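Trainee: In the UniProt record's numbering, the protein residues as written are 1 to 334.
Pasting a structure here, questions to come.
This is the structure:
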């Protein structure tokens, strides 16, 4: 797939090639996809029936977040704050970010990534429509979706895709569009999103070439609730190049840095969604790396960015943590 954008008066060509985390025939690749699917289905069933999730730190008992969210929603309504918080959840900002890295190839200086995470389309469907109206005015080279399109596996996959379709259709028509799954998403969402033009990266990579240089975009399945060793294999076996890992949660930062990842893109935390004044999160839904819950960061020599999310989880209110569309410009540092 090729995309070209106008930059400094010159059309800059970007070539994107899909690749698996390992070589092998088409049959071997299909076998690995089926292995992932069967394991994902089993883990989803365990999460649904036994409330246990498989995180990178081991098997964990999952709290009843749906019940907790309902209680919080009633709490904000009684305080008269729910409508205010709901308005905040629709106040989406365009966040322009520059990430400088001396490891970035010169050919990719100025390369722009539109990064959208945690769409949670059921809760704020109007945000999908409004974002679709804003995107055509933006200049970017490719778009990455960071996971969590559903909310507690709802609505069903086809309906979730329908709610996102105004935005996804615009994005897919403009530039290469890639995504990963989050902890709220279920396996049957993959074909629905791919039908709308999103290439879902599940423990595999694509390469993006410009001039003689190469970016390696590595997408992992969710490591917060559905971790398997295939995630580590995908990182370790990615080819040489400037490596960008798209991983729903920032909790995998140690592993990514050890595997030689240059830039880590995450979501999951919503920046806290409900924060104290000054943006201090009360809850980040992470068991590690709480300091990486929002914005640009560095960890063991690796650059990173954690989105505050485009949509909102339950209850769909925000305080001191605005939703965002992150427009990331990569710069080669001296």
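Where a beta carbon is used, it is the ideal one built from N, C-alpha and C, also for glycine.
Keep in mind that this is a model prediction, so the values were computed, not measured.
Quick check on the burial criterion: 16 or more other C-beta atoms within 10 angstroms. Buried or exposed for residue 129?
Mentor: Translated into positions along the chain shown, residue 129 becomes position 129. Its Cβ having fewer than 16 others within 10 Å, residue 129 is exposed.
Trainee: According to DSSP, is residue 289 helix, strand or coil?
Mentor: Sequence index remark: in the chain shown, residue 289 carries index 289 (1-based). In this structure, residue 289 counts as coil in the three-state DSSP scheme.
Trainee: Distance, Cα to Cα, residue 139 vs residue 54?
Mentor: One-based indexing of the chain shown puts residue 139 at position 139. One-based indexing of the chain shown puts residue 54 at position 54. For residue 139 and residue 54, the distance between alpha carbons rounds to 38 Å.
Trainee: Leaving out five residues on either side along the sequence, give the residues of the same chain with a beta carbon under 8 Å from the beta carbon of residue 225.
Mentor: To locate residue 225, count along the chain shown from 1; it is residue 225. For residue 225, where only same-chain residues beyond five positions count, the Cβ hits under 8 Å are 43, 47, 53, 54, 55, 62, 183.
Trainee: Quick check on this structure: which residue in 204, 334, 318 has the alpha carbon closest to the alpha carbon of residue 83?
Mentor: By one-based count along the chain shown, residue 83 stands at place 83. Looking at the Cα atoms, 318 is the closest of the given residues.
Trainee: Please classify residue 90: does DSSP put it in a helix, a strand, or coil?
Mentor: Position 90 of the chain shown, counted from the first residue, corresponds to residue 90. Residue 90: coil per DSSP, three-state reduction.
Trainee: Whole-angstrom Cβ separation of residue 332 and residue 98, contact assumed at under 8 Å?
Mentor: On the chain shown, residue 332 is found 332 positions in, with the first residue counted as 1. On the chain shown, residue 98 is found 98 positions in, with the first residue counted as 1. About 11 Å; that fails the 8 Å criterion.
Trainee: Please name the residue or residues paired with residue 308 in a DSSP beta bridge.
Mentor: What you label residue 308 is simply residue 308 of the chain shown in a count that begins at 1. Residue 308 is not bridged by DSSP to any residue.
Trainee: Alpha carbon to alpha carbon, what distance is there between residue 116 and residue 200?
Mentor: One-based indexing of the chain shown puts residue 200 at position 200. One-based indexing of the chain shown puts residue 116 at position 116. Cα atoms of residue 200 and residue 116: separation of roughly 14 Å, rounded to the nearest angstrom.
Trainee: List the endpoints of the continuous beta strand (DSSP E) containing residue 59.
Mentor: Taking the first residue of the chain shown as position 1, residue 59 is located at position 59. Element bounds for residue 59: 58-61.
Trainee: Which runs of the beta strand (DSSP E) fall wholly inside the region 221-265 and span at least 3 residues, in chain order?
Mentor: 242-246
Trainee: Considering Cα atoms alone, identify which of 41, 95, 77 is closest to residue 294.
Mentor: Your numbering for residue 294 matches position 294 in the chain shown. The option with the nearest alpha carbon to residue 294 is 95.
Trainee: Expressed to the nearest angstrom, what Euclidean distance is found between the alpha-carbon atoms of residue 205 and residue 170?
Mentor: For this step, residue 205 is matched to residue 205 along the chain shown. For this step, residue 170 is matched to residue 170 along the chain shown. If you take the alpha carbons of residue 205 and residue 170, they lie about 23 Å apart.
Trainee: Roughly how many whole angstroms lie between the Cα atoms of residue 308 and residue 273?
Mentor: In the chain shown, counting from the first residue as 1, residue 308 sits at position 308. In the chain shown, counting from the first residue as 1, residue 273 sits at position 273. Their Cα atoms are separated by approximately 7 Å.
Trainee: Looking at C-alpha atoms only, which residue of 328, 334, 320, 313 is the closest neighbour of residue 118?
Mentor: Here residue 118 corresponds to residue number 118 of the chain shown, with the count starting at 1. That would be 313, whose Cα lies nearest to the Cα of residue 118.
Trainee: Whose C-alpha, out of 157, 251, 145, is nearest the C-alpha of residue 58?
Mentor: Locating residue 58 in the chain shown gives position 58, where the first residue counts as 1. Measuring from the Cα of residue 58, the nearest candidate turns out to be 251.
Trainee: For residue 319, which beta-bridge partners are listed by DSSP?
Mentor: As a working mapping, residue 319 is identified with position 319 in the chain shown. Residue 319 is bridged to 274.
Trainee: I need the DSSP call for residue 129, collapsed to helix, strand or coil.
Mentor: Within the chain shown, numbered from 1, the residue matching residue 129 stands at position 129. In the structure shown, residue 129 adopts helical secondary structure according to DSSP, grouped into three states.
Trainee: Distance check for residue 214 and residue 127, CA to CA, integer angstroms please.
Mentor: Taking the chain shown and counting its residues from 1, the one referred to as residue 127 is at position 127. Taking the chain shown and counting its residues from 1, the one referred to as residue 214 is at position 214. About 34 Å.
Trainee: Grouping DSSP H, G and I as helix and E and B as strand, with all else coil, what is residue 81?
Mentor: Position 81 of the chain shown holds residue 81. Of the three classes helix, strand and coil, the one that applies to residue 81 here is coil, per DSSP.
Trainee: When DSSP labels each residue in this structure, what does residue 46 get in the three-state scheme?
Mentor: As a working mapping, residue 46 is identified with position 46 in the chain shown. Of the three classes helix, strand and coil, the one that applies to residue 46 here is helix, per DSSP.
Trainee: Grab the span of the beta strand (DSSP E) containing residue 213 for me, first residue to last.
Mentor: Translated into the one-based positions of the chain shown, residue 213 becomes position 213. Start and end: 213-219.
Trainee: Report the start-end ranges of each alpha helix (DSSP H) in the region 144-198 that is 4 residues or longer and not cut off at the edges.
Mentor: 157-174, 189-194
Trainee: When the distance is taken between beta carbons, is residue 276 closer than 8 Å to residue 320?
Mentor: Working through the chain shown from its first residue, we reach residue 320 at position 320. Working through the chain shown from its first residue, we reach residue 276 at position 276. Yes; because the gap between Cβ atoms is below 8 Å, this pair is in contact.
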